[in-house]
Structures are given as structure tokens and as C-alpha cells.
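Below is one structure; the comments refer to it alone.
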């Protein structure tokens, strides 16, 4: 018997590990990876609540589905930007991307 | 009479024209334009005077005041509003004639005197501005308009005194003149405010009507520090007049103002601006007489003292323009005394009449003296008497006209000064014997120092003149004004002034009191002349011996009784040290310090918090996460 | 019981891989750990009987995004550049935020009484949603049907394609 809280604990851990990574990392790709973790944790939550609390409907699952799609889109754009930044500045270290800083 | 406005507009237009486009003109073009414009104004003033006195004339035995035009400029309350307009009454019409005549003479004379000077057009522009302001001052319908033009006169006189602005002494003199008169004008302004606060009007007509009824009733029973409010107001207004008219102790600017070009001295510091104070007192004379008679007495005594004081200094000065400057102070003091001892109606008002009379005659002979001195200075290129002597044979016209002016100022009949001075002495005799005797003594001194000047310049010892710089008679442009003014000096005394200008505007019959006034004054004047002749006509050594025997007193007079130094001490050691320095310290350290401290704090605070706005999204996210956690915790646990 | 064991294994795997993904010094390894996390997540979906979701997760995330990441890593790597020399203060900040967040959220989770789900028959593994229902829900316009979000999403993806090309193309 798997309790719902178990899933939620896993997703919580994943979420805050993502936050940690987002704050600590300097490489833009690493930051993006942390972001993926955060989003993934959220999606797990949708699915879990749907399954355990409202098994008769499908909203949670569809939100997860759409979430995945949006994440994919966002990641694609972010990676395009990162590549472009790299091309222009020669680095994807966020500390070095300060050309537009006043 | 609306065309009287043109008298004001012409010089103003000339000022704009010459001031804005003068630098593109040739010198003589600018000069002639200025002179022609002034001539037009002079002709118009004569027409106005003729029409006022003879065509319109008296209604019911008095000369009514006319206001050909007036428009409302500022409205404070229904009663209190400021108007700009033109007021014609006997004294303003007389002043129009005096100012335009002397100004025209000066314009004409300057064509020769200022020939080839740098800034010739600027000179004419400022002359026009000055004429405009002075004319505006005399025709002002209310005290506020007068104040406006009063300040304009101050400004234009400042720029004319400082005409040679490369000379530090001229700059200092112009600043001194401006600051001293400005300081006096502070009193004037406060006086205006007090007066208009209680009476509720600025208008001269309303103030002086019915024996100054308004001023007397509105300020009745009010007093401040033992003096009535009326006396305070009028004394403060007189302070302004004393500043412009160089009454003791505010006279110190006038001798220094001689740094300006000589024709300017003739115009401003002899005939027009310096009599503005006399004119002011005369204009408000009923208010003085009925609302503040004690101030009038004060004026009489200040005038008496100033006359004596300035005459004594004039005796020892060696710079001819300074002699004339102190002589001017002394003569203006005569006019003030005359106003101070005057009554109102009929023969009591002889002082008022005599004051205006003396103003009128003095303007011409003093302008003549200054222009004559200018002619001499032009010839020998020096202001000092020791560089002159026996000039009569080189410059006969200047000599003769100067002689006429000296006779006029000394009060020898039938020259004009005799008549006016005689009336003043008569007025003083009937009012206060002490004043009379002092003034009589001053009359003798006047004769003495004027002839000392004359003999030293035109007689005395022949000096060594360079062959290249042999003194020569001035050109006709300069001698013609001298001759015209000499004619005025001879004949203006014959004008029957009591017919036209009196305190209550009704004519009365004045007569010369030969026995008590005229004969003594002539005797005194002749004594002065004879002493001067003995001492200076041949260039003897006696004056130096007398000076030596007088010792300290002589030194004090040469140094103008150290009044400049006293003022310097008061401003430097008292005002600057005790008031300005602490204020400066307060400003530097407290006010600036507060501002600097504020700026410093702001800078420090922003320095310390600017890290928050680092542009690093990661830190923002961190703050967002922690912040939302804190909020959630607060919601959960409290 | 077997499910529980599988879940525990998956959960441990996911958490460990997550930690590795955010602490790994080499970026390519981080991407790999991310891939494992995503696969683990797909396993969770399977445990929840969302088979379609698990398939999408694997195909989109593991198959699409991770490949993108790997390409990005290849395109942007300088020699030895991947090592993050972390700054200690920043790590402290991160740990504070993470620990505080886990503590607070965990507290709420464990304290809160959820709806009673224990008699829910689908938990045991019986409630698979068939493809027909999913397809109808995606394409329908009735209540609880999602044509509009679906269309919006498709437009979003189109915009992403255009944007991606525009941003990344060589000038």
C-alpha cells in the first residue's frame, strides 16, 4: 500500500533540489536542468492528486500532459537562447553575461 | 495732453534702438540719433509746460493736477491697486523741463567730449535709459510707480558711473553708488509699505488731497517706539530720498561717483538724479507737513548739517570734480532745508517754493559747472587743480561761462542762484534763526570754494604745459551747450516762481527782503569771493600756510572727515564680522551640512543595498522562494 | 507490497539522481542524471497507472529534451569549462532555501488530513484510462474536454519553432 504522502515527499524533495540547483549553479545549462527538475516535481504532483483524490476525472493527467508540452517548448527556446548567447559572448557562465548591465 | 507720453517713450525707444543695434552704427550716427531724440523730448516738454501753465492755466486760482493717461497694472484689492500713468502738476512739469534741457545739453556736449571713446553707442544708450527713468520718476502718478522708476534710475546711474569698466576705481565707485542707494531704498520700500498699508492707496493724489487728510486720519493715534506710525513711514521714505540725494550720512557714494564720464556727472550727479530725493519730499510734502511734522524738522536739521559739512570738505578738496560733488551735496542740502522749514499756504509756503526754485536754477548752473570742468579736464587731461592755472587765456569761453556759473552759485545778483538762495534764507529766517545763520555761513563758504576753484583753474600761476598738449578751447559741440546753460544760469532767476510752483498751488507774492536777508547774503558771498581772490588769484603761498596752521582739522577735511573709513569699519568689522560671518558659518555648516549629510546618508544606504539589485536572476529567485516560504510560515503559524 | 518496494526503489533512485544532477561538476553528467530522473518519474507514472503519461514523459522528455540538452552541451562547451567553481556563500543560501522549503512543505504534507482515499479501488493498479477516452477528451469541446488548450498548445509550439529558428540561426 503506497500512501499518497510518499509520492508527495518525493516530489517535494525533487522540487527543492531543483531550487537549490537553480540558486547555486552558474552554468546556464545546469540552471536549465534544475528548472526541469522543478517542473517535473510539479507534474508528478498533478498526476498524484488526480489519481488518489479524484480518480473519476482526468484533469490532473491532462495538466501534466500540457505541462510536459509547455516544458518542452520552453526548453527548446531556452536552449536556442543559450546557444545564441554562447555564440555572442563565448561563455554561458551567468556571471559573465553582464554586457547589458548598466 | 496725451502726447506727453511721447516724452517718456522717445528716450526708451532710443535706448532700445541704440542698445540693440548701436554696435552696428557709426559713432556719430548713434550720437546724433540720441541727441535728436532727446531734442524731440525737450521740445515736447516745453510744449507741455507752455500748455500746462499758460493754455490750461489755473482753475479756481490753483493749478489742477492732470492725469492725461493712466492704466491699471496690478490690482491687489478694490482699493489698493497699482497704476502706471502720467501725472502733470507744476513740479512734475518743471522737472520735465529741467531734465530734458540738461539731458539735451549733455547729449550735445558728449558728442564732443566722448568723441572717439570706445563704447560711444553704449554711452548714448545708457544716457537715454537714464533720461527715460528719470522722466518716468517725475511723472509717476503713484508712489509705487515712482519706486519702480527710482530703481531704474539707480540701475542706469550704476551703468553710467561704471562706464569705464576697465578701471577698477570706476567699478568700485559704481558698486558703491548702487549699494549705498539700494540700502537707502530698503527704507524707502518699507516706508511705502507702511504708508500704503494704513492709507490703503499708493496714489499721490489721494494721499495729498485735502491737506493729506487720508494719511492723517488713517494713522491717527498709532505709534511705535514713541514715534507715531506716520512719522516712521515718512522718515523711512525720507531715508530713500536721503540716499539718492546724498544726505549725511548716506552721501559717501556721490564723490566717488565722479569716476564716471564728466557729462554723466553733470546729468546725474548735479541736475537730475540727486534731486530725486528733494522731489520725493516735495511730492509728498502735504503728508510730511500734516502727518509727520517732526520728520520735516528732522529733514531741516539733517539738511543744515549736511550743507555745512559738505561745504567745509569742498574747501579742501583738490580734485575739481570732487569739489563740485561736495558743492552739489551742499546745494541739495539747501533744498532739503528749505522744504524742512516750509509751511503750507500762502507766504508760509515760501520754503517749498524756494526749494523748487533752487532745484530749478541749481540744475542749470551746476550742470554748467560740471560741463565746464569737463571742458577743462578735456584740455589738460587731469582732474587735479595743481595741473591747472592761467587757463583763461587758452580757453576763454569755458572761463567766462564757468565764471558766470560761479557767480550764480555764490548768489550774486542778478544771477539765478541769488534769487533762489535768497528765498531759502528768507524761509529759514522766519522758521529757525540757527538754521538761518548756518545757511548764511554756508553761503559764504560756497562763494569761497567756488572761487577758489575758479581762480585756481583759470587764474593763478602759469603751469608748464607740453608744447604738444597746449590746452586749447574745446570744440563748438562742447562750448555751445556751455553758452546755452550760461544763458539759463543768468536768466532763470527772473522767472516769477511763486506764480507757478507753490505748496498749495496758489500763487502768492514773494518779495526780496533786502534788509534782513539779501544784503547780508550778498555781503557774505562777496567776502568769500574776496578771500578766495586774495588767496588764490595770484597763486600765493598763503593757502599752504593756513592749511599747516589748521593741522589736524585740515587733514580731517581733506579726508572727508574719515566718513568713508567709518562706513568701511561699520560694514567690515560690525556687519560682516558680527552678522555675516555667523550667518555664513551657519549656512556652510548647518544648512549645507544637513544637505551634505542627507546626500552622504543616501549614498551610503544605496551603496549598501545596491547588491540587492544585482541583476542576478538566481538571487531574485532565491529571495522569491525564501520570501514565499516566510509568508507561508507566517500564515501557518500565526 | 511489491508495489511499495518498487516505489521505494524508484523514489530513492529519483532523489539520488536529482541530487547528482544539481551537484555534478560536469555538465554532460548532469544531463545524464537528469535523464535518469525523468525516466524514474516515468516509472512513477506507471505505478500510478498513467501509462500514456509515462509514454509521453519518456518520448518527450527523455527522447526530446534530453537530446536537445546534449546537443546544447556539445555546442557550447569549452575545454574544461564545465566545472562550476561554486562559491560557498551561494551554496549556503541554496541549502537554507532548500532545507527550509522541504521542512515547511513536509510539515504541511504530514500534518494535513487529505480526503479519505484509502478505499479508492484505482490505487491498487486497476484504473488505467484507455486511449479512446484520452483522445476524445483532447479533441472534444464539451465540459472536461480540452480542444482549446490543445490548440493553444499547438500554436505555442509553432511559435517556439519559429522563435527557436529565429534566435539560433546564424546571421
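Protein chains in written order, with this note's numbering: chain A, 56 to 157; chain B, 46 to 683; chain C, 594 to 764. All C-beta atoms in this analysis are idealised placements derived from N, C-alpha and C, irrespective of residue type, glycine included.
### Task
Assign residue 602 of chain C to one of two classes, buried (16 or more other C-beta atoms within 10 Å of its C-beta) or exposed (fewer than that).
exposed
### Message
If contact is defined by three or more beta carbon pairs under 8 Å, each pair taking one atom from either stretch, is the region 137–144 of chain A in contact with the region 125–135 of chain B?
### Response
no
### Query
By how many angstroms is the C-alpha of residue 525 of chain B removed from the C-alpha of residue 538 of chain B?
21 Å
### Task
Could you please give me the residues that DSSP links to residue 120 of chain B through a beta bridge?
B/126
### Task
Might you give, ordered along the chain, the residues of its own chain that have their beta carbon closer than 6 Å to the beta carbon of residue 67 of chain B, omitting 5 neighbours on each side?
75, 166, 170
### Message
Quick check on residue 187 of chain B: does DSSP put it in helix, strand or coil?
### Response
strand
### Task
Compare the C-alpha of residue 649 of chain C against each of A/124, A/104, A/114 and name the closest.
A/124
### Task
Could you tell me which uninterrupted beta strand (DSSP E) segments, each at least 3 residues in length, are contained entirely in the region 475–558 of chain B, listed from first to last along the chain?
none
#### Entry: Endpoints, alpha helix (DSSP H) assigned at residue 75 of chain A
59–79
### Query
Taking the alpha carbon of residue 247 of chain B as the point to measure from, which residue in B/304, B/186, B/228 has its own alpha carbon closest?
B/186
### Message
Would you say residue 77 of chain A lies against chain B (beta-carbon separation less than 7 Å)?
### Response
yes
### Message
Considering only the alpha carbon of each residue, which of B/435, B/308, B/431 lies closest to residue 362 of chain B?
### Response
B/431
#### Entry: Close-in-space but distant-in-sequence residues of the same chain around residue 264 of chain B (CB under 7 Å, 5 per side omitted)
243, 273, 274, 275, 336
### Message
Quick check for students: name the residue ranges of the beta strand (DSSP E) that lie wholly in the region 338–386 of chain B, counting only runs of 3 or more.
### Response
none
### Query
Can you list the alpha helix (DSSP H) stretches of 4 or more residues lying completely in the region 648–675 of chain C, in chain order?
659–669
### Message
My assumption, with CB atoms under 8 Å, is that residue 406 of chain B sits in contact with residue 462 of chain B. Please give the rounded CB distance.
### Response
6 Å
### Message
What does DSSP give as the partner residue(s) for residue 734 of chain C in the beta ladder?
### Response
Residue 734 of chain C pairs with nothing; no bridge assigned.
#### Entry: Contact residues within the region 166–194 of chain B, judged by C-beta distance below 7 Å to chain A
none
### Exposed unless 16 or more other CB atoms sit within 10 angstroms - verdict on residue 221 of chain B
buried
### Message
Across the region 81–96 of chain A and the region 695–709 of chain C, are there enough close Cβ pairs to call them in contact, namely three or more that are closer than 8 Å?
### Response
no
### Message
Quick check on DSSP: helix, strand or coil for residue 641 of chain C?
### Response
coil
### Task
Would you grab the beta carbon distance between residue 63 of chain B and residue 178 of chain B for me? Rounded to a whole angstrom, and I think it's under 8 Å.
Not a contact, Cβ separation roughly 15 Å.
### Query
Excluding sequence positions up to five away, which residues of its chain have a Cβ less than 6 Å from the Cβ of residue 107 of chain A?
59
### Query
chain B beta carbons: is any one of them nearer than 7 Å to that of residue 88 of chain A?
no
### Query
Quick one: which chain C residues come within Cβ less than 7 Å of residue 667 of chain B?
686, 690
### Query
Between residue 152 of chain A and residue 669 of chain C, what straight-line distance do the alpha-carbon atoms span, to the nearest angstrom?
14 Å
### Query
So what does DSSP say about residue 591 of chain B, is it helix, strand or coil?
helix
### Task
Could you tell me if residue 190 of chain B is buried or exposed, where buried requires 16 or more neighbouring beta carbons within 10 angstroms of its beta carbon?
buried
### Message
So with CB distances below 8 Å, who are the chain C contacts of residue 670 of chain B?
### Response
690, 694
### Query
Is it buried or exposed for residue 637 of chain B, if we count other Cβ within 10 angstroms and need 16 for buried?
exposed
### Query
Can you tell me where the alpha helix (DSSP H) with residue 637 of chain B in it begins and where it stops?
637–654
### Task
Could I get the ranges of all uninterrupted alpha helix (DSSP H) runs contained in the region 414–482 of chain B, with 4 residues as the minimum, in chain order?
441–455, 461–476
### Query
Does any residue of chain B bring its CB to less than 7 Å from the CB of residue 697 of chain C?
yes
### Query
Along chain A, in chain order, which residues have C-beta atoms closer than 7 Å to that of residue 650 of chain C?
123
### Query
Where does residue 672 of chain B land, buried or exposed, given buried means 16+ other C-beta within 10 angstroms?
exposed
### Whole-Å CB distance - residue 434 of chain B paired with residue 507 of chain B, under 8 Å assumed
6 Å
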